[in-house]
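Notes for the one structure printed next.
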Amino acid sequence: FRAANSFPPTTRPTKRLITLPPKSFARLIQCRTRHAHIGSYYECLHIPEPHACLCGAFQTRNHVLLQCPLHTRYRHLLKDDKGEIKLQDILGTPKGCKRLVCFIRASRVFEKTGPQSNR
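Residue numbers (the numbering used here): 678 to 796.
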């Protein structure tokens with residue numbers, strides 16, 4: 678959780694996060710905690726769901742965000758002002774989380790019925 682653990686601890690979500698629509702808020706938190714609809718989560722909890730991405734690779738959060746060829750067209754949404762994608766930024770800073778939400782909405786990743794679904 679190191680990459681997602683740079684927000685100061687609070688007992689409530691930050692104002693920026695709580696203003697998100699519920700679905701976007703849920704997907705963001707699932708991504709940050711690695712409790713998303715992805716193969717690595719299913720494998721860890723022994724959930725009888727496919728562990729492979731639709732591209733054929735083992736499906737992890739890093740694969741979906743940084744490597745999966747199915748999401749290349751949306752990956753620009755994750756880039757910072759320098760054109761870089763840093764996992765620590767997109768998971769652990771307010772600006773990065775905003776970019777991550779844009780990516781999640783556009784690509785529909787981490788949705789059981791979205792393009793990453795293995796059904």
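A virtual CB, placed ideally from N, CA and C, is assigned to each residue, including glycine.
Asked                                                                                                                                                                  : Found
Evaluate R704 with the Cβ neighbour count: other Cβ atoms within 10 Å of its Cβ, from every protein chain shown; 16 or more gives buried, anything less gives exposed. : buried
In angstroms with no decimal places, state the Cα-to-Cα distance between H712 and Y718.                                                                                : 6 Å
Mind pulling the alpha helix (DSSP H) runs of 4 or more residues that sit fully within the segment 706-770?                                                            : 716-721, 764-769
Have a look at V741 and H714 and give me their C-alpha separation to the nearest angstrom.                                                                             : 11 Å
CA-CA distance, R738 and C708?                                                                                                                                         : 7 Å
How would you call C721, buried or exposed, if buried means at least 16 neighbouring beta carbons within 10 angstroms?                                                 : exposed
Taking Cβ to Cβ, would you say P727 is nearer than 9 Å to G716?                                                                                                        : yes
Using three-state DSSP, classify K789 as helix, strand or coil.                                                                                                        : coil
In angstroms with no decimal places, state the Cα-to-Cα distance between L731 and D758.                                                                                : 30 Å
Between the C-alpha atoms of L768 and T696, what's the straight-line distance to the nearest angstrom?                                                                 : 17 Å
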